[in-house]
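**Student:** Let me give you the structure first, and then I'll get to my questions.
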Amino acid sequence: MEGWKVAAVGGQGGSSVVYITWYWSSLWRTCSTASNAVSNCYDFPMLWSVENHVQIVRALLMGAVSIGMLGFVLSLVGMECTYIGGKQKEKNRAIFIGSLCHTTSGLLAAAGYAVYARNITAEFFNPNFELKFDLGTPLFVGWAGCIFQFTGGLLYMVSVYKLWSLDRRTSEDIVSAEEAVALPSIPTNISISSEPTSRSKVSSVFELSLKSTSPASSVSHKSHHLSKA
């Protein structure tokens, strides 16, 4: 958009005719438009032939656009309706990285607009500058877009964090359920294994008692026969 900074110079002329000239400038050129709608523009000839603050704003905005496009692609890959991006875990990771790109892009763009607005404000309150520029419409539109982009990145981040926390809770519930199933099985195994040993002990004691009683019974039987004889 054109008109990052605007200024109007003129007033009432002869025969009640108003002559006004609008001066406006952007990152790539500066123009002046007369009241008869005739514009004269001056394009910046080279990349490095502008002021330092304009170069800084260009770098910040170009970085914001590049990172924002990367975030858009990653967010598109991480959507559930797409068939690219791998499994759900990889999709969530792609969306998280895309959200970081969106928030970073919004911050970079807001910083670029702030640098440009700060320079306009400094020139406005500087008495050495006769032409006083005001903030143009593109700055306010850009700040609004930065707010939307930053908010969208935060919403992406919160949604992915909720999914990760839900997966973590589910895995913890599964582990606790497995532990709860495994712990009661240990005493039952011990009781089952101890039951045959107790039975074997009882049977061995019974056999020993039988063996001990059998010689005594045989001796008593022999003594009974001798008494009869």
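With our numbering as the guide, the letters of the sequence shown map in order to residues 2 to 230.
For every residue, glycine included, the Cβ atom is placed at its ideal position computed from N, Cα and C.
1) Check whether the segment 39-56 touches the segment 149-158, taking contact to mean three or more Cβ pairs, one atom from each stretch, closer than 8 Å.
2) Taking its Cβ as the centre, do 16 or more other Cβ atoms sit within 10 Å of Gln-89, making it buried, or is it exposed?
3) Give the list of continuous alpha helix (DSSP H) stretches no shorter than 4 residues that lie fully inside the segment 69-147.
4) Could you tell me if Leu-167 is buried or exposed, where buried requires 16 or more neighbouring beta carbons within 10 angstroms of its beta carbon?
5) Tell me the rounded alpha-carbon separation between Ile-21 and Ser-106.
6) Give me, in chain order, the residues of the same chain whose beta-carbon lies closer than 6 Å to that of Tyr-24; leave out the 5 immediate sequence neighbours on both sides.
7) Does DSSP classify Ser-33 as helix, strand or coil?
8) Could you tell me whether the segment 79-86 touches the segment 45-60, using the rule of 3 or more Cβ pairs below 8 Å?
9) Can you pull the DSSP bridge partners for Ser-40?
10) Whose C-beta lies closer than 8 Å to the C-beta of Val-116 among residues of the same chain, with five residues either side of it excluded?
11) Apart from the five residues just before and just after Leu-109, which ones in its own chain have a Cβ nearer than 8 Å to its Cβ?
12) Counting C-beta neighbours from all protein chains within 10 Å, is the total for Lys-6 16 or more, i.e. buried, or is it exposed?
13) Which residues does DSSP pair with Ile-21 in a beta bridge?
14) When you compare the CB positions of Ile-98 and Leu-75, do they come within less than 8 Å of one another, or not?
15) For Cys-102, which residues in the same chain have their Cβ closer than 6 Å to its Cβ, ignoring the five residues on either side in sequence?
16) Inspect the beta-carbon positions of Gly-4 and Thr-138 and report whether they are closer than 8 Å.
17) Near Phe-130, what residues of its chain come up, given a Cβ to Cβ distance below 8 Å and the 5 sequence neighbours on each side ignored?
18) How many angstroms separate the CA atom of Pro-197 from the CA atom of Arg-169?
19) Would you mind working out which of Asn-93, Gly-79, Thr-122 sits nearest Leu-136, comparing C-alpha positions?
**Tutor:** Let me spell this out:
1) no
2) exposed
3) 89-125
4) exposed
5) 39 Å
6) Ala-8, Ser-33
7) strand
8) no
9) In the DSSP output, where bridge partners are listed per residue, Ser-40 has Thr-34.
10) His-54, Ile-57, Val-58, Leu-61
11) Closer than 8 Å at the Cβ level, and outside the excluded window around Leu-109, lie Leu-61, Leu-62, Gly-64, Ala-65, Ile-68.
12) buried
13) Gly-11
14) yes
15) Ile-68, Leu-71, Gly-72
16) The answer is yes: Cβ separation under 8 Å.
17) Glu-124
18) Per-residue confidence for Pro-197 stands at a pLDDT of 49, beneath the threshold of 50, marking its modelled position as unreliable; no derived number is given.
19) When only C-alpha atoms are compared, the closest one is Thr-122.
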